[in-house]
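Asker: Protein chains in written order, with my numbering: chain R, 0 to 332; chain E, 4 to 326.
We put the beta carbon where it would ideally sit given N, CA and C, even for glycine.
#1: Could you tell me whether the stretch 205 to 224 of chain E touches the stretch 57 to 73 of chain E, using the rule of 3 or more Cβ pairs below 8 angstroms?
#2: In the DSSP output, what is residue 73(E) paired with across the bridge?
#3: Can you list, in chain order, the residues of its chain with a C-beta nearer than 7 angstroms to that of residue 45(E)? Leave out the 5 residues immediately preceding and following it.
#4: Quick check on DSSP: helix, strand or coil for residue 301(R)?
#5: Taking the straight line between their C-alpha atoms, what separation do you get for residue 30(R) and residue 238(E)?
#6: Any idea if residue 18(R) is buried or exposed, counting beta-carbon neighbours within 10 angstroms, 16 or more meaning buried?
#7: From which residue to which residue does the alpha helix (DSSP H) around residue 213(E) run?
#8: Write down every uninterrupted run of the beta strand (DSSP E) in the stretch 121 to 180 of chain R whose length is 3 residues or greater and which is fully enclosed by it, in chain order.
#9: Shorter than 9 angstroms from the beta carbon of residue 239(E) to some beta carbon of chain R?
#10: Who are the Cβ neighbours of residue 319(R) in its own chain at under 6 angstroms, not counting the five residues just before and after it?
#11: Thinking C-alpha only, which one of 69(E), 71(E), 82(E) and 197(E) is nearest residue 25(E)?
#12: When burial is assigned at 16 or more other CB atoms within 10 Å of the CB, is residue 206(R) buried or exposed?
#13: How many angstroms separate the CA atom of residue 274(E) from the CA atom of residue 218(E)?
#14: Can you tell which of 56(E), 166(E), 129(E) and 308(E) has its C-alpha closest to the C-alpha of residue 184(E)?
#15: What would DSSP say about residue 317(E), mapped onto helix, strand or coil?
#16: Could you confirm whether any beta carbon from chain E is found closer than 9 angstroms to the beta carbon of residue 1(R)?
#17: Give the residues of chain R in contact with residue 162(E), contact being defined as C-beta atoms less than 9 angstroms apart.
#18: Are the beta-carbon atoms belonging to residue 123(R) and residue 87(R) less than 9 angstroms from one another?
#19: Under 9 angstroms between the Cβ atoms of residue 297(R) and residue 312(R)?
#20: Alpha carbons only, please: which of 259(E), 277(E) and 170(E) is nearest the one belonging to residue 140(E)?
#21: By how many angstroms is the C-alpha of residue 303(E) removed from the C-alpha of residue 99(R)?
#22: Using a beta-carbon distance below 9 angstroms, is residue 88(E) in contact with chain R?
#23: What residue from 55(R), 90(R) and 47(R) has the CA that sits closest to residue 62(R)'s CA?
#24: Please report how far the alpha carbon of residue 22(R) lies from the alpha carbon of residue 16(R), in whole angstroms.
#25: With distances taken from CA atoms, which of 209(R), 108(R) and 184(R) is nearest residue 277(R)?
#26: For residue 148(E), report the span of its beta strand (DSSP E) as first-last.
#27: Are the C-beta atoms of residue 169(R) and some chain E residue less than 9 angstroms apart?
#28: Would residue 281(E) pass as a contact of residue 22(E) if the rule is Cβ separation under 9 angstroms?
#29: Along chain R, in chain order, which residues have C-beta atoms closer than 8 angstroms to that of residue 156(E)?
#30: For residue 192(R), collect the residues of the same chain with a Cβ closer than 6 angstroms to its Cβ; drop the 5 residues on either side in sequence, then sort them by chain order.
#31: Since residue 203(R) sits in a beta bridge, which residues does DSSP pair it with?
#32: Look at the Cβ atom of residue 153(R), then the Cβ atom of residue 177(R), and state whether they are nearer than 9 angstroms.
#33: Count the other CB atoms within 10 Å of the CB of residue 137(R); is the residue buried (16 or more) or exposed (fewer)?
#34: Does any CB atom of chain R fall closer than 9 angstroms to the CB of residue 35(E)?
#35: Is it buried or exposed, residue 286(R), if we count other Cβ atoms within 10 angstroms and call 16 or more buried?
#36: So, for residue 139(R): in the same chain, excluding its five sequence neighbours on each side, which residues have a beta-carbon less than 7 angstroms away from its beta-carbon?
Okay, structure coming up:
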């Protein structure tokens with residue numbers, strides 16, 4: 000990339016840019032997945048990459064998640080830096096054995112003899128009525144597995160910088176993208192700036208409440224924060240971006256300043272990533288808390304098809320706003 | 004479908020080397036059973052007594068740079084791939100001097116430096132990564148082959164089918180070595196396989212297959228050489244089916260209630276690969292005893308090495324998680 004202007008990139012283009020730049024720089028980086036070549040991926044992320052890099056490095060695979068992830072594991076152990084695309088994160092369940100028992104554990108079981116520099120890109124998210132098997136948010140499953148790193152960026156700048164870092168990390172990274180963010184555009188730095196894994200981003204400074212949000216809920220939380228501001232409540236919004244390893248320091252420091260916390264994600268609330276964040280906060284900032292930690296997430300059902308039901312199940316700005324207001328002792332009406 | 008023909012003959016000198024290696028593996032595994040029963044070894048163990056010709060025949064056919072993935076029944080493959088018995092035994096004792104420094108155990112023996120990418124305790128778990136290693140060799144234009152060992156039981160699991168499909172589709176240099184010992188743990192072939200000839204499974208993917216007697220090491224070796232040659236030459240993967248026999252239980256201590264009466268005794272008398280090779284080489288009692296003594300000495304020394312090894316500190320458990 001050249002020129003001095005800040006280019007505008009969509010989240011989708013930012014993913015593509017990180018992949019393409021890494022592949023231009025480094026012959027060990029290649030991508031593989033279902034329908035990623037001629038079709039450019041079911042979300043259009045890899046459009047045009049076949050033309051630039053050819054079929055050896057933009058590898059269409061059969062519908063065969065165990066083999067596609069497992070093959071990427073094997074290539075990674077040999078020193079390649081494969082990026083495997085799993086079309087929907089629901090399909091991570093098909094490759095779970097390879098991710099959980101193989102990728103996450105090879106280094107440990109071997110006593111440190113090898114590395115698995117693998118990135119598994121996947122995406123999901125509700126808001127378009129795909130039903131119960133094409134939009135789950137399963138990041139909590141993988142955060143629970145020692146040996147994996149888990150990333151979930153929410154902006155074009157973050158997705159570009161973090162994907163680069165994931166590709167060049169020597170560990171298996173499960174990299175979550177959100178379906179409804181692909182069209183989101185912003186000005187990004189001219190040069191790709193790698194973002195360190197394990198560093199949270201404070202999106203908005205505030206004094207009264209901290210919202211720790213991931214994925215789409217970062218944007219819902221920013222909107223809710225603007226709404227609360229009109230009611231005189233100052234809200235800080237923190238996006239961990241990296242779920243494992245977790246930047247506990249940034250979260251805890253923020254809560255010590257605001258004395259109140261809301262955790263917000265699109266995944267089911269129960270046993271969700273937010274439960275861990277709430278535990279970290281109560282343990283490390285118990286004496287600073289002026290209110291119970293509030294949790295915002297999806298209701299405990301699979302995703303329903305009918306738009307009105309789907310809308311009801313997953314959280315939006317309103318649920319975050321209400322949670323914010325509960326922490327300051329107001330009902331949010 | 005391309006045919007892969009066996010190649011060459013094996014010199015007597017090489018056969019004698021094979022014999023010594025097979026005997027070492029046998030004595031090693033017998034010692035492992037003994038020490039396990041004495042309560043010295045943690046966890047649980049699977050020995051491959053009766054399958055030594057498969058391990059030695061395939062591993063001796065490999066070239067420098069080739070890699071293997073093994074199974075839960077891994078001691079023989081690991082020794083045959085060149086790891087010293089001391090390091091294997093130390094791993095079984097959970098010592099830092101073990102090949103995986105006490106992090107792996109019997110079912111996770113790795114020796115990456117020697118091309119052993121690890122034993123896998125999930126049946127079929129290592130097959131996809133074998134395809135991946137082979138893909139890396141192909142993409143880098145390196146004349147190397149990746150070999151997966153697995154059993155007949157693994158041919159029923161999804162990873163087997165997905166891996167063979169992809170390997171053949173992409174024509175990667177891999178050899179899939181199926182050690183058909185006719186038992187998936189306690190379940191006999193007739194309860195788990197609707198077909199008798201497992202090469203039909205390779206044929207379903209258009210993959211050339213070889214089908215040989217896994218108790219005859221010359222056969223195993225010659226077939227493995229041909230299969231590796233085929234894969235290394237850029238002609239795609241090969242399915243190598245070895246008919247073999249597990250002359251013991253699934254795990255050490257297995258009462259084998261599922262075995263038909265008399266089967267084990269008959270197999271031990273007729274299908275022992277070490278007896279077969281001894282007869283072929285017409286070894287005198289003296290020659291046999293000398294080889295046996297050497298094997299025993301190495302094995303005894305490995306036990307002493309392991310027992311004198313260093314226990315990891317409990318907090319060492321927190322290391323080696325991330326690179």
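Answerer: Considering the structure as presented:
#1: yes
#2: 122(E)
#3: 97
#4: coil
#5: 24 angstroms
#6: buried
#7: Note, residue 213(E): premise wrong, no alpha helix (DSSP H); beta strand (DSSP E) at 212 to 216.
#8: 148 to 150 and 172 to 177
#9: no
#10: 219, 220, 223, 263 and 295
#11: 82(E)
#12: exposed
#13: 7 angstroms
#14: 56(E)
#15: helix
#16: For residue 1(R), the predicted model reports a pLDDT of 45, less than 50, meaning its position is unreliable; a value from the coordinates is still stated below. Not one chain E Cβ lies under 9 angstroms of residue 1(R).
#17: 65, 66, 69, 96 and 97
#18: yes
#19: yes
#20: 170(E)
#21: 37 angstroms
#22: no
#23: 90(R)
#24: 10 angstroms
#25: 209(R)
#26: That residue, residue 148(E), is in no beta strand (DSSP E); it is neither H nor E in DSSP.
#27: yes
#28: yes
#29: By Cβ distance, chain R contributes nothing, its closest Cβ being about 16 angstroms from residue 156(E), past 8 angstroms.
#30: 160
#31: 236(R)
#32: yes
#33: buried
#34: no
#35: exposed
#36: 266, 270, 271 and 272
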